[in-house]
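In this text, residue positions in the sequence shown follow our numbering: the first is 21, and each later residue adds one. C-beta atoms are modelled at their ideal positions from N, C-alpha and C, and glycine is treated no differently. All figures in this text were calculated on a predicted structure; none of them were measured in a lab.
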Amino acid sequence: MMDEQVENHDQMGEAFHTGSNQSGMRNYNERLIIDTVRRSGSRSKADIARMTQLSAQTVTVIVNRLIADGILIKMGSVKGKVGQPSTPIAINPDGAFSIGIKVGRRSVDLVVINFLHQVIAKRSLSYAYPDPRDVLDWLDENIGAVLDEMPAKKRPKTLGIGVAVPTGLDGWESAIDAPKGAMKAWSNIDLAQSIHQKTGLPVIVLNDGSAACLAQLTLADLRRNKTFLYIYVATFVGGGLVINGQLFEGRTGNAGALGSMPLSLLSGDGKAPSQMIDVASLHKLEKTAVRNDMAADGFAAFLNAQASTAMIDDWIAEAAPALAKSVVAAQSLLDVDYVVMDGGLPQNIMAKLVDMTRDCVMHYNTEGIAIPDIILGELGSDARALGAAILPLRANFSVDQSAFVIGN
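Here's what the structure looks like:
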């Protein structure tokens with residue numbers, strides 16, 4: 021019997037988990053086959069058996085069942101050089117659906133994705149601050165609307181709802197200029213339970229920075245079993261951490277909370293020193309723009325219209341050294357393979373921030389540290405909602421079963 025934790029490598033050097041032919045392992049082996057087909061693309065049953073080290077009979081039984089369930093589909097036959105034509109097996113895009121929600125300090129986003137992680141519906145609402153009642157009402161209306169818009173035969177295949185939300189959403193009122201007490205009600209709201217009661221669907225919650233990191237890991241990063249730091253620059257800067265190819269959430273689910281990294285020691289006057297959040301967040305740039313006569317509700321348009329301005333360059337010049345500090349600190353502790361930087365900025369501005377951060381890393385004393393590559397992410401402002409949407413699919417089909425907070 022093969023140990024289910026053994027890894028096998030295909031001819032391209034890709035590592036795949038291998039399964040067990042022992043009875044009682046059906047659920048794991050189903051996930052294993054789905055994961056193998058997702059990662060490697062359409063494959064014949066013989067290929068799947070070789071890659072998973074399951075018997076041909078086991079693969080045939082499971083694949084036929086998954087085809088009958090609409091999870092996998094048969095592709096057109098392919099003629100080989102020798103023997104009978106093979107029939108590749110692929111993921112059925114309509115085999116499952118998932119809803120992802122990002123509740124942020126300036127906006128709420130909702131996406132629906134299919135089994136191939138393709139976005140099939142998207143809705144957003146911007147606001148000055150997240151009023152609990154307004155956000156819950158909007159979610160109630162729009163979750164219902166996207167479900168109603170789905171064809172009747174697809175609706176039952178919606179597996180659940182993932183929610184990406186910042187830790188301590190009830191805080192930071194003064195930081196984002198919300199009225200005093202306006203966000204306090206978040207401390208008494210069980211967001212997962214509230215959404216579950218309205219929809220009847222399972223709800224999975226993850227810190228928003230970790231959710232964006234999960235999207236990067238799942239959708240954009242093809243390097244397996246790597247360790248990387250993920251930095252996400254939004255209204256407040258945050259991030260996530262992947263260790264040996266696994267999203268690491270930490271004891272409280274707040275691993276990668278780069279915004280809380282202090283930039284200096286406490287001073288003698290007892291005044292709290294600056295944290296990363298104070299200098300590397302878009303909120304700082306927004307406040308500067310408002311002081312320079314930008315309309316309070318025009319920040320997104322301001323960013324999208326600017327290729328480069330002195331104001332943006334000044335913000336980058338202050339943010340990049342702080343971000344570089346987090347890179348050096350992470351490298352000294354974790355020896356990461358690389359760093360990914362992404363955020364709610366236009367790509368050209370984000371690329372400039374990445375370039376400046378790379379340059380600032382070189383100005384720290386990095387003796388004894390292998391300087392990691394710093395890579396520009398690809399998902400941008402959609403990363404958090406996409407990561408949230410991945411959660412129900414991951415919970416139902418992934419071989420790697422991480423613990424998540426589930427409201428049901």
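Which listed residue (N49, L92, N84) has its alpha carbon closest to that of S62: What you label residue 62 is simply residue 42 of the sequence shown in a count that begins at 1. Closest by alpha carbon: L92.
Through-space distance from L234 to G429, alpha-carbon basis: The structure shown does not extend to residue 429, since the chain spans only 21 to 428, so no value can be given for it.
The region 322-339 / the region 267-286 touching (three or more Cβ pairs under 8 Å): no
Enclosing alpha helix (DSSP H) for I82 [first to last residue]: The sequence position of residue 82 within the sequence shown is 62, counting from 1. Start and end: 76-88.
Minimum length 4: unbroken alpha helix (DSSP H) runs contained in the region 186-225: 211-219
Closest residue to I209 among R153, L323, T272, C380 (Cα-Cα distance): Start at 1 with the first residue of the sequence shown, and residue 209 comes out as number 189. Answer by Cα proximity: R153.
Residues sharing a beta bridge with V131, DSSP: On the sequence shown, residue 131 is found 111 positions in, with the first residue counted as 1. Answer by DSSP bridge pairing, in chain order: G120, K142.
Selected residue, minimal CA-CA separation from R125, among A231, R414, D197, N324: Against the sequence shown, residue 125 aligns to sequence position 105. When each option's Cα is compared against that of R125, the closest is D197.
First and last residue of the uninterrupted beta strand (DSSP E) at K94: Within the sequence shown, the letter at position 74 stands for residue 94. Start and end: 92-94.
Beta-carbon gap between V98 and P113 smaller than 8 Å: Along the sequence shown, one-based indexing puts residue 98 at 78. Along the sequence shown, one-based indexing puts residue 113 at 93. No, these two residues do not count as a Cβ contact at 8 Å.
Whole-number beta carbon distance between V139 and V166, since they are thought to touch under 8 Å: Position 146 of the sequence shown, counted from the first residue, corresponds to residue 166. Position 119 of the sequence shown, counted from the first residue, corresponds to residue 139. V166 to V139, Cβ: 11 Å. No contact.
Three-way DSSP call (helix, strand, coil) for L267 in this model: The residue you call residue 267 lines up with position 247 of the sequence shown. Three-state result, L267: strand.
Between the CA atoms of D393 and T308 - distance to the nearest angstrom: Residue mapping note: residue 308 aligns to position 288 of the sequence shown, counting from 1. Residue mapping note: residue 393 aligns to position 373 of the sequence shown, counting from 1. Between T308 and D393, the C-alpha separation is close to 31 Å.
Those residues which DSSP pairs with F248 across a bridge: Locating residue 248 in the sequence shown gives position 228, counting from the first residue. V262, Y358.
Burial state of T272 (16 or more Cβ within 10 Å): The residue you call residue 272 lines up with position 252 of the sequence shown. Under this definition T272 is an exposed residue.
Own chain partners of N134 with C-beta closer than 6 Å, once the 5 adjacent residues on each side are dropped: Position 114 of the sequence shown holds residue 134. So the list reads P113, F117, I140, once near-sequence residues are dropped.
Classification of R175 by the beta-carbon crowding that lies within 10 angstroms, buried from 16 upward: Taking the first residue of the sequence shown as position 1, residue 175 is located at position 155. Flag for R175 reads exposed.
Nearest candidate by alpha-carbon position, reference N264, set L237, A371, P341, L399: Residue numbering aside, residue 264 sits at position 244 when the sequence shown is read from its first letter. N264 has its Cα closest to that of L237, out of L237, A371, P341, L399.
Through-space distance from A339 to D298, alpha-carbon basis: Counting from 1 along the sequence shown, the entry for residue 298 is found at position 278. Counting from 1 along the sequence shown, the entry for residue 339 is found at position 319. Answer to the nearest angstrom: the Cα atoms are 9 Å apart.
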